[in-house]
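As structure tokens, the structure follows; a few thoughts come after it.
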Amino acid sequence: MKKILVLILAMFLGLSVNAKSAKRDFSSVINESGVEKNAISVSIKDLNTGKPVYELNEKILMHPASVQKMLTLIPAMEILGDEYEFTTSIYKRGENEYIIKLGADPYLSYKDLKKLVNYIEEDAKKVYIDDSVLEQKYWGEGWQWDDDLNILMPRFNSYNLDGNLLKITIMPTEKGQLATIINPSKYPAVFINNVTTDEKNDVKVSRDNSISSNTLTLEGTVNKPVTVYIPLNNLKRYFNIRLTNALEDRKIYLKENFAKSKVEDKDTELGEVVHPINNAVDDILKNSNNLASEIVSKLAGGKAYNEKGTDSNGIKVFKEYCKKISLDDSKIRITDASGVSKNNLISADFISEFLIKNKDNKTLQKLPSPGEGTLTHRMLPIKNNLRAKTGTHNDASSIAGFLTSKNGNKYAFCIIINDTTSTVSDMKALEDYLLREAYLRL
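Residues in the sequence shown are numbered consecutively from 36, following our numbering.
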């Protein structure tokens, strides 16, 4: 691996590394990388002919991580369309009852909620919630329960609000004294505060679900205000608390709790908050947003089959799309939209073939280039020749997309590495080198 890193550094410095001087082929580079060869799956195909130009373990099923998002996003966008908007609406029923219809908007904020509440008059007696857009399952199959403090893996359902993250601020006090925790949302979390005021900011958060899912332990030190985001464990409760906050800001105090009710034909729409789906497309492809990926897939499933959005309907959309483009998906397994679940099993060959069949798809035109999103610090020397989606998940690393070689040849590629003995940085270094070799040699 040290040899690979040296060569990558040379490329960054603009030293002469070309097809003639590079004596290693792909296989020898892999052999010398230190990454277990049987843990690597590679498929590089000519974009125009579909002919393989380099393959290694290309048919082996592996955990694809977030490159899977490309596979589920394209079919979902075909169903939803570029003009689709995540919409949260408010309706009036009778004289003084209101219904908030949720759209599972992954970008809905408390500020948006306050806009909707402005349509509610002071004599309001009851507010209903229509949460029928999605199933109330809040995580995907095979998601890791012990990773529930990972802000990249928040729970999700119809009640999405503020990215489904609890925002708290930790304020320093006197040196050596306990810091102050500020929770503006009033969400009833219990904080065991072991954070003291000292010379540096170093805060760690833990939660023991076997004791209490609402009890969080904070440890470390602060010397200036620190903002911490914590994945919420009860989205409906958080939504209801924030809705109550917004109502009370307008001096509206309801005597009854929020109840569920679907919008009826007799109800009158008063207003809505919308966010365009193109925001989600960019976020999914460039920033690998898991929440947005799951919601888009479920919403597409709901629209396609005129039912509530569910995991199974979203996957059904994907399978129907594969059938449409004549791509055999019988040997792979997909259990979520984002690639988070370790139950997902896909081959590099399947992904490269999927890319070839969708080479002209306008959604894939938004794939990031080096310098953008998850590629911000990777492969900058070939910025204009690469568009790709990355994936990272524990012992899995992946990258897939389109490459134009130095000679102007175009390729679809997929590299998946599932190696428990290598670091993520080593796996990504190997990916980068293989792509630079492809750029120079092919």
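Heads up, the beta-carbon is just placed ideally off N, CA and C, and yes, glycines get one too.
- Setting aside the 5 residues that flank it on each side, R368 is surrounded in the same chain by L96, N378, N379, L380 and I381, each with a C-beta closer than 8 Å to its C-beta; the list follows chain order.
- L82 is positioned such that its CB atom lies no closer than 8 Å to that of Y340.
- The closest CA to that of Y273, considering only A159, S457, T409 and L201, is found on L201.
- For N192 against L213, the beta-carbon gap comes to about 36 Å, at or over 8 Å, which does not count as contact.
- With respect to G443, K424 sits apart: the two C-beta atoms are not nearer than 8 Å.
- Looking from the CA of D371, the closest CA among K86, S404 and V102 belongs to V102.
- In this structure the region 143-154 does not touch the region 341-352; the number of beta carbon pairs closer than 8 Å is below three.
- Here DSSP, grouped into helix, strand and coil, assigns L184 to coil.
- In this structure I203 is in contact with I217, their Cβ atoms being roughly 6 Å apart against a cut-off of 8 Å.
- Pairwise C-beta distances place the region 398-408 in contact with the region 318-335, as three or more of them are shorter than 8 Å.
- Within the region 175-247, complete beta strand (DSSP E) segments of at least 3 residues are found at 200-206, 215-217, 225-232 and 237-242, given in chain order.
- Per DSSP, the unbroken alpha helix (DSSP H) holding S460 starts and ends at V459 to R476.
- When DSSP states are grouped into helix, strand and coil, P266 belongs to the strand group.
- Taking 8 Å as the upper bound for CB-CB distance, I417 and Y474 are in contact here, some 5 Å apart.
- In its chain, beyond the 5 residues on either side, N192 have a beta carbon closer than 6 Å to the beta carbon of Q171.
- Beta-bridge partners assigned by DSSP to T250: V225.
- Proximity of the region 267-287 to the region 159-173 meets the contact definition, three or more beta-carbon pairs being nearer than 8 Å.
- Residue pairing from DSSP places T439 in a beta bridge opposite K445.
- Under DSSP, P87 forms a beta bridge with K80.
- Under the Cβ criterion (8 Å, minimum of three pairs), the region 109-122 counts as touching the region 307-319.
- Scanning its chain for C-beta atoms nearer than 6 Å, with the 5 sequence neighbours on each side dropped, one finds around S241 the residues T252, in chain order.
- Per the Cβ contact rule, the region 62-69 is in contact with the region 455-466 (3 or more Cβ pairs under 8 Å).
- Bounds of any alpha helix (DSSP H) do not take in I95, whose DSSP letter is neither H nor E.
- Closest in alpha carbon position to D166, among S361, K351, K295 and D300, is K295.
- The three-state reading of DSSP puts V64 in helix, counting H, G and I together.
- For the options L169, V168 and M188, the alpha carbon positioned closest to that of G177 is the one of M188.
- The count of Cβ pairs closer than 8 Å, one atom from the region 448-461 and one from the region 69-87, reaches three, so the stretches are in contact.
- Look at the region 270-345 and you find these whole runs of beta strand (DSSP E), each 3 residues long or longer: 303-311.
- Contact between the region 385-394 and the region 286-301 is absent: fewer than three C-beta pairs spanning the two stretches fall below 8 Å.
- Between the alpha carbons of A159 and G349 lies a distance of about 38 Å.
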